[in-house]
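These notes concern the structure reproduced below.
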Amino acid sequence: MSRSAPTVVAFAGLGVMGLPMARNAAAAGFDVRAYDVDPAAAERAAAAGLRTVGALPEALRAADVVVTMLPDTPQVEEVVRGGEGVLAHCRPGTVLVDMSTVSPGATADLAAELAARGLAMVDAPVSGGVRGARAGELSIMAGGEAADVERVRAVLSALGRVTHVGAAGAGQVVKACNQVAVALTIQAACEAFTLGARFGVDPEALRAALLGGAASSWVLEHLGPQMTGGDDSAGFRIALQVKDLRIATEAASASGTPLPGAAGVLQLYLAAVAGGQAGDGNQALTRVYERLAGVTIARRDPGAPEG
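Using the numbering used here, the letters of the sequence shown map in sequence onto residues -14 to 292.
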């Protein structure tokens, strides 16, 4: 997209990830017109300085690029196919960039429908969490025609680092792979902390030792302090981890791909949901291991005395 005139970006979905992403796009000089079905989210976006619209078609009719950052596949399908959506209101030539994490198969179907109407789609799910969204340092996994990815590269580059990974739907496949790897790395850290707790090893000393060797990981570096400090606050919620792992395991089942690790860690996250932890951060899988093993990995109040 040329920067000679501001590219109009309709941005739908202004949650904990979408809001900072939309702000970064606006800060980069794009004409962002932001919308969320939740009036409170729209109010927060307006308070943050974004231009908001009261109805999605207001943004879609003027858009060169539509960015969606939505919870799940049904919401994306509604924004594309619904009466107030992309197919009904966007001009031919508009590019939809779906940055949600959704079904690869559904994404391929939507891309075909859009192409038949003279529209294009790039699926561009992200990794990096709220921290990456705020800093404009997301890892963006883009699927779609190479020419379409190049048309929206400037917009995406305002949000993070872009890697074109293949045809429509490939971005969602790579995101599913990412979520499998992240969840299993969290599980590995939980098991290490559980074993250490059984033998009375200080969890932060254990984390420091692991960071110095072959077990070092992004999870230990960035989520480890919350795991050892008993901080269950949500950056990326367990409910969303369950959704993402279901996407991965359903894709594996449909393609006949054995993923025993992903299937197993999904069950542990479902146990977390059953334990009332759906709204906790995904690092709070630690609590499931505490219940299973009957150990305390970290105090809820790191400043409290041992009990």
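For glycine and all other residues, C-beta sits at the position ideal for the given N, C-alpha and C.
Closest residue to residue 55 among 230, -2, 124 (Cα-Cα distance): In the sequence shown, residue 55 corresponds to position 70, counting from 1. Cα-wise, what sits closest to residue 55 is -2.
Residues near residue 237 by beta carbon distance below 6 angstroms, same chain, minus five either side: For the purposes of this step, residue 237 is identified with residue 252 of the sequence shown, where counting begins at 1. Within the same chain, residue 237 has close Cβ partners 244.
Outcome for residue 88 when other beta-carbon atoms lying within 10 angstroms are tallied against a minimum of 16: Here residue 88 refers to the residue found at position 103 when the sequence shown is read from its first residue. Answer is buried; the Cβ neighbour count reaches 16.
Of the listed residues 15, 166, 195, 181, nearest to residue 141 (C-alpha basis): For the purposes of this step, residue 141 is identified with residue 156 of the sequence shown, where counting begins at 1. Minimum Cα distance to residue 141 is reached at 15.
C-alpha distance - residue 183 paired with residue 225, whole-angstrom precision: Here residue 183 refers to the residue found at position 198 of the sequence shown. Here residue 225 refers to the residue found at position 240 of the sequence shown. The alpha-carbon atoms of residue 183 and residue 225 are separated by roughly 30 angstroms.
DSSP bridge partner residues for residue 128 (one or two, in chain order): Working through the sequence shown from its first residue, we reach residue 128 at position 143. Its beta-bridge partners are 108, 151.
Other residues of its chain near residue 114: CB distance less than 6 angstroms, five sequence neighbours each side excluded: Within the sequence shown, residue 114 is the residue found at index 129, counting from 1. The residues are 220, 221.
Length of the line joining the Cα atoms of residue 147 and residue 121: Along the sequence shown, one-based indexing puts residue 147 at 162. Along the sequence shown, one-based indexing puts residue 121 at 136. Going by C-alpha positions, residue 147 is about 11 angstroms away from residue 121.
Own chain partners of residue 263 with C-beta closer than 6 angstroms, once the 5 adjacent residues on each side are dropped: Within the sequence shown, the letter at position 278 stands for residue 263. For residue 263, where only same-chain residues beyond five positions count, the Cβ hits under 6 angstroms are 223, 224.
Sequence ranges, alpha helix (DSSP H) only - wholly within the stretch 251 to 279, length at least 4: Counting only runs of 4 or more, we get 270 to 278.
Those residues which DSSP pairs with residue 50 across a bridge: The sequence position of residue 50 within the sequence shown is 65, counting from 1. Paired residue(s): -6, 80.
Where residue 4 sits in the DSSP three-state scheme: As a first step, residue 4 is located in the sequence shown; it is residue number 19 there, counting from the start. For residue 4, the three-state secondary structure derived from DSSP is helix.
Same chain, Cβ closer than 8 angstroms to residue 104, neighbours up to 5 away in sequence not counted: To locate residue 104, count along the sequence shown from 1; it is residue 119. Answer for residue 104: 71, 72, 75, 77, 78, 79, 80, 81, listed in chain order.
Simplified DSSP assignment, three categories, for residue 214: Numbered from its first residue, the sequence shown carries residue 214 at position 229. DSSP places residue 214 in helix when its eight states are reduced to three.
Length of the line joining the Cα atoms of residue 258 and residue 86: One-based indexing of the sequence shown puts residue 258 at position 273. One-based indexing of the sequence shown puts residue 86 at position 101. Looking at the two C-alpha atoms, the distance is approximately 20 angstroms.
Beta strand (DSSP E) segments (min. 3 residues) lying fully within the stretch 135 to 197: List check, beta strand (DSSP E) in window: 145 to 151.
Straight-line Cα distance separating residue 248 from residue 192: Locating residue 192 in the sequence shown gives position 207, where the first residue counts as 1. Locating residue 248 in the sequence shown gives position 263, where the first residue counts as 1. Rounded to the nearest whole angstrom, the CA to CA distance from residue 192 to residue 248 is 26 angstroms.
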